[in-house]
Structures are given as C-alpha cells and as structure tokens.
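A.B. asks:
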Amino acid sequence: MAAAPWLYLSRRRSSTQTSLRRFLICSSSFDADEFISSQSRVIGGRGEEEVRFSGALFSRMIHSSTYHPYRQIPLPHSVQLLDASLGCRGFSSGSSNVSDGCDEEVESECDNDEETGVSCVESSTNPEEVERVCKVIDELFALDRNMEAVLDEMKLDLSHDLIVEVLERFRHARKPAFRFFCWAAERQGFAHDSRTYNSMMSILAKTRQFETMVSVLEEMGTKGLLTMETFTIAMKAFAAAKERKKAVGIFELMKKYKFKIGVETINCLLDSLGRAKLGKEAQVLFDKLKERFTPNMMTYTVLLNGWCRVRNLIEAARIWNDMIDHGLKPDIVAHNVMLEGLLRSMKKSDAIKLFHVMKSKGPCPNVRSYTIMIRDFCKQSSMETAIEYFDDMVDSGLQPDAAVYTCLITGFGTQKKLDTVYELLKEMQEKGHPPDGKTYNALIKLMANQKMPEHGTRIYNKMIQNEIEPSIHTFNMIMKSYFVARNYEMGRAVWDEMIKKGICPDDNSYTVLIRGLISEGKSREACRYLEEMLDKGMKTPLIDYNKFAADFHRGGQPEIFEELAQRAKFSGKFAAAEIFARWAQMTRRRCKQRFMED
1315 MAAAPWLYLS RRRSSTQTSL RRFLICSSSF DADEFISSQS RVIGGRGEEE VRFSGALFSR
1375 MIHSSTYHPY RQIPLPHSVQ LLDASLGCRG FSSGSSNVSD GCDEEVESEC DNDEETGVSC
1435 VESSTNPEEV ERVCKVIDEL FALDRNMEAV LDEMKLDLSH DLIVEVLERF RHARKPAFRF
1495 FCWAAERQGF AHDSRTYNSM MSILAKTRQF ETMVSVLEEM GTKGLLTMET FTIAMKAFAA
1555 AKERKKAVGI FELMKKYKFK IGVETINCLL DSLGRAKLGK EAQVLFDKLK ERFTPNMMTY
1615 TVLLNGWCRV RNLIEAARIW NDMIDHGLKP DIVAHNVMLE GLLRSMKKSD AIKLFHVMKS
1675 KGPCPNVRSY TIMIRDFCKQ SSMETAIEYF DDMVDSGLQP DAAVYTCLIT GFGTQKKLDT
1735 VYELLKEMQE KGHPPDGKTY NALIKLMANQ KMPEHGTRIY NKMIQNEIEP SIHTFNMIMK
1795 SYFVARNYEM GRAVWDEMIK KGICPDDNSY TVLIRGLISE GKSREACRYL EEMLDKGMKT
1855 PLIDYNKFAA DFHRGGQPEI FEELAQRAKF SGKFAAAEIF ARWAQMTRRR CKQRFMED
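For the sequence shown, the working numbering assigns the number 1912 to the last residue and increments by one with no breaks.
1) Quick check on the DSSP output: the alpha helix (DSSP H) that includes glutamate 1525 runs from which residue to which?
2) Assuming methionine 1793 contacts leucine 1827 under a Cβ cut-off of 8 Å, what Cβ separation, rounded to an integer in Å, is found between them?
3) Less than 8 Å between C-beta atoms, sequence neighbours within five positions excluded: which residues of the same chain meet that for leucine 1592?
4) Taking C-alpha atoms, which residue in Ala1756, Gln1597 and Glu1605 lies nearest to glycine 1576?
5) What is the rounded straight-line gap between the Cα of aspartate 1664 and the Cα of valine 1681?
6) So, with DSSP's three-state summary, where would you put glutamate 1783?
7) Can you check DSSP and say which residues form a bridge with tyrosine 1774?
8) Between the beta-carbon of isoleucine 1758 and the beta-carbon of cysteine 1721, is there less than 7 Å?
9) Taking glycine 1816 and arginine 1488 to be in contact with their CB atoms under 8 Å, please state how far apart those CB atoms are, rounded to whole angstroms.
10) Identify the continuous alpha helix (DSSP H) that holds aspartate 1820 and give its terminal residues.
11) Please look up how many angstroms separate the CB atoms of isoleucine 1773 and tyrosine 1754, rounded, as I've assumed it's under 8 Å.
12) Alpha helix (DSSP H) containing phenylalanine 1607: first to last residue?
13) As a quick exercise: from Ala1762, Arg1842 and Thr1541, pick the residue whose alpha carbon is nearest that of threonine 1825.
14) Measure the CB-CB distance between leucine 1476 and tryptophan 1497 and report whether it falls below 7 Å.
15) Please list, in chain order, all residues of the same chain as proline 1749 whose beta carbon is under 7 Å from its beta carbon, the five residues on each side excluded.
16) Alanine 1590 to threonine 1526, Cα distance in whole Å?
17) Could you say if the segment 1564 to 1576 and the segment 1527 to 1541 meet the contact criterion of at least three C-beta pairs nearer than 8 Å?
18) Classify alanine 1889: buried if its beta carbon has 16 or more other beta carbons within 10 angstroms, exposed otherwise.
19) Helix, strand or coil: which one does DSSP assign to isoleucine 1857?
20) Confirm, please, whether the CB-CB distance from leucine 1712 to isoleucine 1686 is below 7 Å.
21) Valine 1671 to tyrosine 1684, Cα distance in whole Å?
22) Would you mind giving the Cβ-Cβ distance between threonine 1945 and methionine 1514, rounded to the nearest angstrom? I have them listed as a contact below 8 Å.
23) State buried or exposed for glutamate 1445, treating a residue as buried only when at least 16 other CB atoms are found within 10 Å of its CB.
24) Please go through the same chain and pick out, in chain order, the residues whose beta-carbon is closer than 7 Å to the beta-carbon of proline 1659, but skip the five residues on each side of it.
25) Would you mind sorting alanine 1463 into buried or exposed? The rule is 16 or more other CB atoms within 10 Å of its CB.
26) Which of the three DSSP states is assigned to glutamate 1892 in this structure?
27) My guess is that aspartate 1709 and leucine 1657 are in contact by the Cβ rule of under 8 Å, so how many angstroms apart are they, rounded?
28) Starting from threonine 1720, follow the alpha helix (DSSP H) in both directions and report where the run begins and ends.
29) Is leucine 1618 closer than 7 Å to alanine 1631 when the C-beta atoms are compared?
30) Would you call the CB atoms of cysteine 1622 and valine 1651 closer than 7 Å?
31) Which residues in the same chain as alanine 1762 place their Cβ atom closer than 6 Å to its Cβ, once the five residues preceding and following it in sequence are excluded?
32) Please determine, among Arg1838, Val1450 and Gly1503, the residue with the shortest C-alpha to C-alpha distance to methionine 1468.
33) Is the separation between the beta-carbon of alanine 1898 and that of phenylalanine 1875 shorter than 7 Å?
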C-alpha cells in the first residue's frame, strides 16, 4: 500500500581502589560539586578504568570536560501545513471500514503511548468463531442468563488457541472471563494447558483477585502444568500491589513444586519490587538472600533501578560501588538506569556530566542513552538542545529509532509547532523508521490536548491504513477528546468502533463513557454501563456520583439506587454501595413526602 504524502519528510542535515563508604555514612544530601574531589577511578579485572561514585554524590565526573558546545544545527525549516479539511469520515458505526474517504489525504499525525501487549502465539483459530463466542458471553452474561447452556448448544470445537483468544478479549472483565474459563474446564474431551491457565492467571493478577489466583496456581500444580511464567505472573502481581511478603511467599510455592530458585527468579522478584517503588524492600530481600546465590550484573542493575525510581541517589551510588567491589563492570544498561535516576531526581547537570563521561571514557552512549536525554529536554521544552543531542547521535553513527522521533514529535507538538512535527514524520519514513503505535498515540494525545478530536480521528484512520493495531489507550484518548468537546455522538461512535474491533474496554474506557453520558444528561444510560462494570467485577469508576444520583433523585426512582447498591456490595465495592444506599434513602423520603403532600 502506498504511503500517504504527509508521511514523507526531508532531513534537516545531511590508580588504587579507594573506599568511599565514609561518604555514605556522613552524607545526607546529594551535593553535585563534591563529586569530583571524592571520586576515583579503579582498575577492573581486565585492566580497564571504571568510574566509582561517592556515596552521596554523583555529579562531577573525573576528567569530564565542561559541557562542550555542539555545533549548531538549524531546526527543521517550516513546511506549509496541509489543508485541514480532509475528506475523511471519522468513526462510522454503520461500517467497519473506518478509513473510508481518508485514504491518501490524511495529512497529519502520528502518536505515542504505552500499552502492554499480550504475548502472541500464532493462532489457528477462526476469527468468526471467536466473535461468535464473545457475542454470546457479552449478551448473556450482562443479562444474567444461562450463558453456559447456550455455549453448550453451540457445539464448539474447543481448542487452546480459542480459549486464549477469548480470554484476551475479556482481559479487563474478570467475571465473564473466569466463568468462560470454568465452563471450558468442564467440557468433555477438553483440558486446559499451561498457556490457557497462564492467560487466566494474568487476568486475575491484573484485577488483584489474589485468592483465586493462588487457587488456580495450586490447581496447576496438582496437574503438573506449572511453568516459570506462572510464578512470574504471581510475583509481579503481588509486588505491583506492594504485597512484599506474599511476593516472597511465591518462593515457598516454587520449593513445594520442586522448582529451582535461581538468580533469574530472584532478579525477577527484585525487579518487580523496584518497579512498584519498593526499592527499600527489594534491598532488604537481597541482603537476606545474597549469601545463598551469586548476584550478577542484572541483580545489581535492578537494585539500582529500584533506588533510582524512589529518587534515593545515595543508595543508588552505594549499589554502583558494590557492583564494582564484586568485580562487575557497570555496563550500558546500568549507565542508562543511572541517567534516568539523575533526571528523575532533577539532577540534570549531573546527568549531562555522566553522559559526557560515557562519551569520553565509555561505555559509549547507545540510542537508548540519547533517547533518555532527548526525552527530558523535550519535557522541559528545551527543543534546541534536544535537536543538538539528536544530531550528535547521528554524527556518532547511531540510527535514531521511532522512540527518539516520538520524543521530538511530542516536544514540538506541545509547543504547537506542527510544521516541524510533519517534517519529523516525513523524515521517519525516509530513514526507514515509520511511525509505530506509540508515535501514533503521542500525536492523538497531542490533538486531544489541543481540543482537535477530528484530527485525532484522522490519525487513527491512518494508523489503521498502515496496519498498526490501535491500543485500548488509543480509543480512550479519542473518545475522551470528543466528550470534552461535547461531541457526544462521536464519543459514543468511538465506543462502538472499539467494541466492533474486539477491544475489551478497561476501567478507563467505562469511566470516560459514563462521564460523557452524565455530562450529556443521559444518566439512565450511564447507569446501565455502571451496572455492567459492576457485573464484570471491574473497579467502580471515579465519577461525580452526586450529579449522577441527583438525576434519579429528581425523578423519584429509589429502586435504581437500591439495585446499584446491591450490585456494588456484591462486587465488594462497599464505598460505592454506601453512596447508592444513602441516595436510595433520600429518594424514598422525598417520594414519601410528596405522597403525603398530595
């Protein structure tokens, strides 16, 4: 398929090892200027020099020249913007061809966003069969009818691929997913395998249904279907919920089922704790276990990352020095973690100095290193400096990837320099790095922030044309932008399109829709979707419950609140149940008062 004209663009320019532990004890703050005097270089196992960091300090790198000026590269010249009135229909609820009319004329855009995808295995399942099953679950689960009986009548040829794909479609809706999973388990001639079990484990982990998750894990154990992925899912789930003891308790389950606890497993747990901003807990666990295994480079790197995430540079520096003390040479990954830690802690000058030491002494910065720096400059609107680093990266022989371009696009887009954004998009194509899903999401977010939902829709259509799958976040952003602009019809059309494409709405999707419907004055319809959320076992949305309830209160319908209170209580949403119950009482009193007056 030929790429649209707007996606092409032109390029702008063709000694002895000194212990520093005393600093750890006496320093309580990070003083950048002290680093140069307290820092030493040590000789590694291969006779190479390595930088050590003072316990509390980290700023001035030895032999690091002051920030040397890059040669000035002119910013991309302005390009005349393409005509905004494209012949592009937005979302059409009557047709699955969402890109009708926008083929080659979509002028703008691309995006950035994060979305975690599910690991894919080549599937042999007929998509129409998946659709049939999902339709039955959707329609009958919501109506509380005998979903299982209808599934029985379908006489499905159950396969593990089919189960995994259906569970993927309901990955944000644990109740229908689990009910389908249990139904499949009882089908004669079918038995779940490790992959289907792990898919269900992931859904339970994401929704923090820990008791059920552990029960499923133990059932897998009795059937001999446990894998390392199973334990990893559980560890990460407990760590993300800051349940450190339970996360560590997974080790006991591993021992119970004769799984070896090696350095990779320990690293996984330490990393999960660090990502959950439990750096201190990860360190305590490491200190307890370090005599039982041999830490490797990854071990120290995940500990380093844990401390950097909570902005504790003193402990980060200690881990760095411990790494060297144990004969390990910090690699480019460790250096990049430290760069991010410094920037996260608002130590930009120190990050720049570390970056230049990397350039002069090694390890040489890679594309990731440059991306970290450029992203921070873009966040601070220092676009000229961001371009200088970008050009220096190219001069160093590194090929920029979509992530680097996405940072620049976001930076210039935030400054409303859309001509430069289009130039960057064009350059990405010319250099063989076409926009990816994150680039598209970044531009959709940009259009949403500038209250230009129609442009966001055009970007979406171009995304589809280029065969890039939109994420749930893509739909959430576009839907929200339409509701904010009070274009309620298009907001609902985005929801319909998302459902049609088989994207499972998440908590945010429902929250955006329900808020939009309340804003439109359609509280009764919003109530239906709120009930649907509760039935599926999802979180209660953060909405203006008083406005929501006031509409029904004026109408004198206490039974609606009572029903919602009952559903919320049954789903374990006790705070929401209390709110609904209170409104039910108020409405009943008001109805009674009216009756007495009449």
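All residues carry an ideal CB built from backbone N, CA and C; glycine is no exception.
C.D. replies: Reading off the structure:
1) Here residue 1525 is taken as the residue at index 211 of the sequence shown, counted from 1. Taken as a continuous stretch (DSSP letters only), the alpha helix (DSSP H) holding glutamate 1525 covers 1524 to 1536.
2) Taking the sequence shown and counting its residues from 1, the one referred to as residue 1793 is at position 479. Taking the sequence shown and counting its residues from 1, the one referred to as residue 1827 is at position 513. Methionine 1793 to leucine 1827, Cβ: 7 Å. Contact.
3) In the sequence shown, residue 1592 corresponds to position 278, counting from 1. So the qualifying residues of the chain are Ala1553, Lys1556, Arg1558 and Gly1620.
4) Mapped onto the sequence shown, residue 1576 falls at position 262. The option with the nearest alpha carbon to glycine 1576 is Glu1605.
5) The count along the sequence shown starts at 1 and reaches residue 1664 at position 350. The count along the sequence shown starts at 1 and reaches residue 1681 at position 367. Cα to Cα, aspartate 1664 sits roughly 19 Å from valine 1681.
6) In the sequence shown, counting from the first residue as 1, residue 1783 sits at position 469. DSSP places glutamate 1783 in coil when its eight states are reduced to three.
7) Indexing the sequence shown from 1 puts residue 1774 at position 460. Its beta-bridge partners do not exist; DSSP assigns none.
8) Position 444 of the sequence shown, counted from the first residue, corresponds to residue 1758. Position 407 of the sequence shown, counted from the first residue, corresponds to residue 1721. It is not a contact, given that the beta carbons lie outside the stated cut-off.
9) Within the sequence shown, the letter at position 502 stands for residue 1816. Within the sequence shown, the letter at position 174 stands for residue 1488. About 18 Å; that fails the 8 Å criterion.
10) Counting from 1 along the sequence shown, the entry for residue 1820 is found at position 506. Premise fails: aspartate 1820 is in no alpha helix (DSSP H) and is neither H nor E.
11) The count along the sequence shown starts at 1 and reaches residue 1773 at position 459. The count along the sequence shown starts at 1 and reaches residue 1754 at position 440. Yes, they are in contact, since the Cβ atoms of isoleucine 1773 and tyrosine 1754 sit about 6 Å apart, within 8 Å.
12) In the sequence shown, residue 1607 corresponds to position 293, counting from 1. Element bounds for phenylalanine 1607: n/a, residue is neither H nor E.
13) Within the sequence shown, numbered from 1, the residue matching residue 1825 stands at position 511. The residue with the shortest Cα to Cα distance from threonine 1825 is Arg1842.
14) The residue you call residue 1476 lines up with position 162 of the sequence shown. The residue you call residue 1497 lines up with position 183 of the sequence shown. The answer is no: Cβ separation not under 7 Å.
15) Here the question's residue 1749 lines up with position 435 in the sequence shown. So the list reads Cys1424, Ala1716, Leu1739 and Met1742, once near-sequence residues are dropped.
16) By 1-based counting over the sequence shown, the position of residue 1590 is 276. By 1-based counting over the sequence shown, the position of residue 1526 is 212. Roughly 22 Å separates the two Cα atoms.
17) yes
18) Position 575 of the sequence shown, counting from 1, holds the residue named residue 1889. Alanine 1889 comes out exposed.
19) Position 543 of the sequence shown, counted from the start, is the residue given in the question as residue 1857. Isoleucine 1857 falls in the coil class under three-state DSSP.
20) As a working note, residue 1686 is residue 372 in the sequence shown. As a working note, residue 1712 is residue 398 in the sequence shown. Cβ distance not < 7 Å, so isoleucine 1686 and leucine 1712 don't count as in contact.
21) Position 357 of the sequence shown, counted from the first residue, corresponds to residue 1671. Position 370 of the sequence shown, counted from the first residue, corresponds to residue 1684. Looking at the two C-alpha atoms, the distance is approximately 14 Å.
22) Residue 1945 falls outside the range modelled here, since the chain spans only 1315 to 1912, and no answer is possible.
23) Mapped onto the sequence shown, residue 1445 falls at position 131. Classification for glutamate 1445: exposed.
24) Within the sequence shown, the letter at position 345 stands for residue 1659. Just to set this straight, residue 1659 is serine in the shown sequence, not proline. Excluding residues within five positions, the ones whose Cβ falls inside 7 Å are Arg1625 and Leu1627.
25) Position 149 of the sequence shown, counted from the start, is the residue given in the question as residue 1463. Counting Cβ neighbours within 10 Å, alanine 1463 comes out exposed, since fewer than 16 surround it.
26) Numbered from 1 along the sequence shown, position 578 holds the residue referred to as residue 1892. Of the three classes helix, strand and coil, the one that applies to glutamate 1892 here is helix, per DSSP.
27) Along the sequence shown, one-based indexing puts residue 1709 at 395. Along the sequence shown, one-based indexing puts residue 1657 at 343. 23 Å between Cβ atoms; not a contact.
28) Taking the sequence shown and counting its residues from 1, the one referred to as residue 1720 is at position 406. Note, threonine 1720: alpha helix (DSSP H), 1716 to 1728.
29) Here the question's residue 1631 lines up with position 317 in the sequence shown. Here the question's residue 1618 lines up with position 304 in the sequence shown. Cβ atoms of alanine 1631 and leucine 1618: not closer than 7 Å.
30) Position 308 of the sequence shown, counted from the first residue, corresponds to residue 1622. Position 337 of the sequence shown, counted from the first residue, corresponds to residue 1651. Going by C-beta atoms, cysteine 1622 is nearer than 7 Å to valine 1651.
31) Here residue 1762 refers to the residue found at position 448 when the sequence shown is read from its first residue. Excluding residues within five positions, the ones whose Cβ falls inside 6 Å are Gly1770, Met1791 and Ser1795.
32) Within the sequence shown, the letter at position 154 stands for residue 1468. Ranking Arg1838, Val1450 and Gly1503 by Cα distance to methionine 1468 puts Val1450 first.
33) Here the question's residue 1898 lines up with position 584 in the sequence shown. Here the question's residue 1875 lines up with position 561 in the sequence shown. Cβ atoms of alanine 1898 and phenylalanine 1875: closer than 7 Å.
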